[in-house]
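Just so we're aligned: the sequence shown equals residues -25 to -1, 1 to 231 in mature numbering (1 follows the signal peptide of the UniProt record, and there is no 0). Glycine residues also receive a C-beta, built at the ideal position from the N, C-alpha and C atoms. Predicted model, so just to flag it, every value in this text is computed and none were measured. Inspection log for the structure reproduced underneath, given as structure tokens.
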Amino acid sequence: MFPRMLPRLFPLVLFCASVFTLAQADTWDGWLVGLNAGMASTTAKYQTGPDDTSWFYNAHQTAGMWANGHKTKTDNSAVAGLSLAYNRQTGALVYGGEMGFDFADISLEKSTTYPYNQGAYAYHYNYKQNAKLNGLLILKGRAGYAFGNSLLSATAGAAWTQLRTSMDYVDSYTGSAQYSASHEKRNLRLGWTAGITYQYKLPSNLILKAEYQYFDFGRSSFNTPIHAANGQYIAPMNFSAKVDVNMFTVGVEKQF
């Protein structure tokens, strides 16, 4: 009897196979390659001033220099990048990892002039503080919830950027530089990132993507000496910059 039922079962087997194939195609399992573009809002919080133990500057001068050396600079810059991700799906839960690189050239220069009088003498402190970021390398994990053709995920991981911080200080009297300090520091800076991603799947396994990411690269600092115009050592100057980024991007991905 069973052999005679095979011809009748064959269409059912084909139907089940087609349903299974369709279900597999509609999952989020697999590799994703993508391109994205958007905007990054980057903030640098600067702290600059002489060492509190300086023999040269009195308490009033030191307090004034530190107060005027605490500045914040924010700038908006265009970014564009690419990504490679891998997802696994269990029911409505989707989890995986992603590596990406965003091209960015961000400069956060802040200039400040602070006048002060010392007896009959009129001076000006001039600060030029800067932080530059070149590129963002991102390695993160994700976990999300799939509903219909949509996927909403939370992400967290590590990020690297080529960070260059610099400080120029000039203390001038009647237009001529009396005391000055200048230094630049470059390093590959490690930070952390967290964000949220929304993805919508189109036919042919094309995926539209919108994403917000926050990056915190901590505080980069250095000390550099202040010298008089004749080369005399005056005091150590402290500088630091805390850099964070809020990035919004949209993109398209292809699932394999």
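Can you have a look at residue i and say buried or exposed, based on whether 16 or more other CB atoms are within 10 angstroms of its CB?
i	result
K107	buried
E186	buried
R63	exposed
K229	exposed
Q207	exposed
D146	buried
N105	buried
Y144	buried
A204	exposed
V8	exposed
T17	buried
F78	exposed
A67	exposed
F231	exposed
Give the DSSP-derived three-state secondary structure of residue i in the structure shown.
i	result
A38	helix
G44	helix
N205	coil
N213	strand
N180	helix
D1	coil
G24	strand
G56	strand
N51	strand
G71	strand
E84	coil
G123	coil
G193	strand
G116	strand
N33	coil
G170	strand
Does the Cβ-Cβ distance between residue i and residue j come in under 8 Å?
i	j	result
V54	T172	no
L83	A19	yes
W3	L126	yes
L163	Q188	no
L114	M74	yes
F214	T23	yes
K160	F197	yes
P211	P25	yes
A15	M222	yes
T168	A131	yes
T199	A156	yes
Y154	I201	yes
T140	S179	no
Y175	K85	no
Residue i and residue j look like a contact to me (Cβ under 8 Å); what is the Cβ gap, rounded to whole Å?
i	j	result
N33	Y100	Actually they do not touch by this definition, with Cβ atoms about 14 Å apart.
A12	G226	7 Å
residue 232	F76	With the chain covering -25 to 231 only, the question about residue 232 has no answer from this structure.
G123	V69	Rounded, the Cβ-Cβ distance is 13 Å, inconsistent with contact.
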